[in-house]
Structure formats: structure tokens, C-alpha cells
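Remarks on the structure that follows.
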Amino acid sequence: MDSKIKLLGISGSPRKGNSYYLLNETLKDIDNIDFPVETTIYSFAGKKIQSCIGCFKCNENKGQCILKDDFEDLRQLWINSDVIIYSFPVYHMSIPGQLKSFIDRLGNCFYGYYEVSSMRHMKVIGALCQGMHFFGGQELATSFILQHSVLLNSIPIAGDGWHSYTGAQGWTNNKTDRDTMKQLYDAKDLDTDITFTAAKSVVKRAVEMAAIVKAGASIHEDKLKKDIRYVPFLERMHASDNK
Ligand SMILES: Cc1cc2nc3c(=O)[nH]c(=O)nc-3n(C[C@H](O)[C@H](O)[C@H](O)COP(=O)(O)O)c2cc1C
């Protein structure tokens with residue numbers, strides 16, 4: 175069984191700004207985690223991911239979406255990863271539309287992509303969310319991501335209290351510049367320090383949980399593989415066995 179944990183960090187902002195910085199800086203801490211991790215960062219900046227048009231053609235086309243854009247690349251990265259860390263700005267007390275469009279299409283295109291529904295994706299999913307205001311909807315936006323993980327038969331993860339209740343949340347002190355998080359972190363701003371402490375613990379716990387899930391899967395593999403809904407997950411567990 176592949177012992178490496180594949181972690182996909184998704185920066186869900188249309189610009190390379192605070193979400194990207196929070197994610198990238200947090201993942202620099204990965205060497206302090208006691209498990210081997212392979213990280214990939216995907217940024218929505220410069221990418222085109224259109225909204226689902228509700229044609230349901232994906233259900234007929236083995237899960238292939240008729241919209242041709244950057245969706246498929248990100249879907250494949252998502253499918254192949256054990257841990258997904260979403261880092262995103264609050265938009266109107268929720269997640270940005272581009273990220274929602276990806277999640278809509280991801281969920282719907284799984285019908286047809288696999289032979290049956292309710293696949294056991296078994297990802298460990300964490301959320302890092304920041305906005306410009308102190309109470310700007312960070313927890314609401316985070317809760318959407320946690321619901322998304324439950325809906326895709328995955329495992330939502332928080333960090334350690336007291337810094338992290340449902341993930342990592344932060345704010346940019348009413349500033350809209352894309353490098354505000356960096357400036358505040360460099361200046362050792364207390365609130366921003368809490369955000370990063372929370373973010374690092376979200377990532378650490380996500381990796382640990384993925385390692386536990388993998389170990390459990392290896393013990394129970396014979397039983398699990400009788401259920402077709404576990405097969406892609408088990409295949410992912412063995413993805414680089416022969417490399
Ligand atoms: C369309 C839009 C809606 C926003 N809505 C909120 C909001 O509801 N609450 C909030 O605190 N900040 C809101 N913001 C501010 C962003 O969350 C904030 O600027 C964030 O730091 C941007 O992150 P980024 O640099 O990764 O894009 C909004 C920004 C935009 C462009």
C-alpha cells in the first residue's frame with residue numbers, strides 16, 4: 175500500500191492573493207508532520223471553470239461534462255488525492271462562485287463517471303477561509319465546505335482548539351489588497367497568527383486522519399472491496415505501489 179499521503183491544496187480565489195498565500199505558507203510547514211506527504215497546489219487564478227448548466231449529459235456520457243474548460247484537470251487532481259485543503263476568500267458570506275461551480279460539477283459529474291452513486295470517496299477535507307471583515311461570514315463559508323465533504327462521503331476535519339473550531343478562519347483588517355495576509359503575518363499580527371496556527375493544525379490533522387484511514391483500509395481491504403463503492407478508493411490506496 176502506498177504510504178505517501180497525496181495532499182491537494184486548492185486556492186479558490188480568482189486572483190493569486192491572500193487565499194493562495196495562506197495555503198502556500200501553511201504547506202511549507204508540512205515537513206513537521208510525521209508522515210510522508212506529496213503536495214500539489216492548484217490555483218483558480220487564470221483558470222476557467224464555468225457553471226453547471228443542468229443538462230445532465232454527464233449522466234449519459236460516463237461523467238464527461240460537455241463544457242470544455244479547466245474543470246477536468248482539477249477533477250482528476252481531486253480524484254487522485256487523499257487530502258483536499260480548500261483555501262478561499264469569503265464572497266457574500268459564502269464561497270466564490272468559481273469554486274462553487276467546480277463543486278457543483280464535481281458532484282453532479284460523478285453520476286455516470288462511476289457505475290453506481292454514493293461512491294466512498296474517503297477524502298479528508300479541510301477549509302482555510304479568510305475575508306476582509308471580522309465577522310464577514312467565514313464560518314458560514316467554511317460550513318459549506320464541510321457539508322460538501324459529507325455529501326461526497328468524505329471526512330471533514332478541523333484543527334486543534336482553541337484556534338480552530340471548524341477549520342481556519344481569518345480576516346484582512348478591512349483591507350482588500352491581495353498581499354494583506356502576508357503583510358499582517360510578517361508584522362506578527364495576533365489575529366493573523368491565530369489563523370496560521372489554526373491552518374497548520376488543520377493540515378496536520380488532515381494528514382494524520384488520511385494515514386489512519388489508509389491503515390484501516392489496508393486491514394479491512396478484503397471486506398471493503400466486495401462493495402463496488404469502495405473500489406476507486408482502494409485503487410487510490412495502491413496508486414503508486416509499483417512505482
Ligand atoms: C465579490 C466579493 C464578495 C466579498 N464578500 C465578502 C464577505 O461577505 N465578507 C468578507 O469578510 N469579505 C468579503 N469579500 C472580501 C474578500 O473575502 C477579501 O478581500 C479576501 O481577502 C480576498 O481573498 P483573496 O486575496 O484570496 O482573493 C468579498 C470580496 C469580493 C470580491
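Quick note: the sequence shown uses my numbering, first residue 175, plus one each step. Backbone N, C-alpha and C fix where the C-beta goes; we use that ideal spot for every residue, glycine too.
Which of helix, strand or coil DSSP assigns to residue i
i: LEU182; result: strand
i: PRO406; result: helix
i: PHE245; result: helix
i: VAL290; result: coil
i: GLN253; result: One detail in the question is off: residue 253 reads as Ile in this sequence, not Gln. Helix at ILE253.
i: ILE331; result: coil
i: ASP360; result: helix
i: ASP401; result: coil
i: LEU208; result: Strictly speaking, residue 208 in this sequence is Asp, with Leu absent from that position. Residue state, collapsed to three classes: coil.
i: ASN348; result: coil
i: MET175; result: coil
Run of the alpha helix (DSSP H) containing residue i, from where it starts to where it stops
i: PHE370; result: 364-398
i: GLY271; result: 271-287
i: GLN224; result: From DSSP, GLN224 is part of no alpha helix (DSSP H); its letter is neither H nor E.
i: THR214; result: It is not in any alpha helix (DSSP H) - THR214 instead sits in the beta strand (DSSP E) that spans 211-217.
i: HIS266; result: No alpha helix (DSSP H) holds HIS266; DSSP gives it neither H nor E.
i: SER317; result: 312-325
i: LYS231; result: 231-234
i: SER193; result: 192-201
Bounding residues of the beta strand (DSSP E) (the contiguous stretch that carries residue i)
i: CYS303; result: 298-305
i: ALA413; result: Taken as a continuous stretch (DSSP letters only), ALA413 belongs to no beta strand (DSSP E), as it is neither H nor E.
i: ALA342; result: 342-345
i: PHE262; result: 257-263
Proximal residues to residue i (C-beta, below 7 Å), its chain only, five neighbours per side dropped
i: ASN282; result: CYS226 and CYS232
i: HIS307; result: TRP345 and ASN348
i: LEU325; result: GLY281
i: TYR287; result: LYS236 and GLY237
i: ARG403; result: VAL290, SER292, MET293 and ARG294
i: ARG279; result: CYS226, CYS239 and PHE245
i: GLY390; result: none
i: LYS378; result: ILE207
Residues near residue i by beta carbon distance below 8 Å, same chain, minus five either side
i: THR214; result: LYS180, LEU181, LEU182, GLY183, LEU251 and SER255
i: VAL320; result: One point to set straight first is that residue 320 is Leu, not Val, in the sequence displayed. Contacts found: ILE299, ALA301, PRO330, THR340 and GLY341.
i: LEU210; result: It is Pro, not Leu, that sits at residue 210 in the sequence shown. Closer than 8 Å at Cβ, skipping near neighbours: SER177, LYS178 and ILE179.
i: GLN312; result: VAL264, CYS303, GLN304, GLY305, GLN343, GLY344 and TRP345
C-beta atoms of residue i and residue j nearer than 8 Å
i: LEU358; j: THR366; result: yes
i: LEU201; j: SER185; result: no
i: ASN192; j: GLN272; result: no
i: MET175; j: HIS394; result: no
i: MET267; j: LEU314; result: yes
i: ILE259; j: ALA385; result: no
i: LYS178; j: GLU212; result: yes
i: ASP243; j: ILE223; result: yes
i: PHE218; j: PRO188; result: yes
i: MET296; j: VAL387; result: yes
i: HIS337; j: THR371; result: yes
i: LEU248; j: TYR216; result: yes
Residues near residue i by beta carbon distance below 6 Å, same chain, minus five either side
i: SER261; result: SER185, SER193, LEU196, LEU197 and LEU302
i: ASP334; result: SER375
i: ILE277; result: HIS322
i: THR369; result: ALA342 and GLY344
i: ILE269; result: PHE262, ALA315 and PHE318
i: PHE407; result: ARG294 and MET296
i: ASN327; result: ARG294 and HIS295
Check your reading: residues with Cβ closer than 6 Å to ligand 1 heavy atoms
With the cut-off at 6 Å, the residues found are SER187, ARG189, GLY191, ASN192, SER193, PRO263, VAL264, TYR265, HIS266, MET267, GLN304, GLY305, MET306, HIS307, GLY310, GLY311, THR346, THR350 and ARG352.
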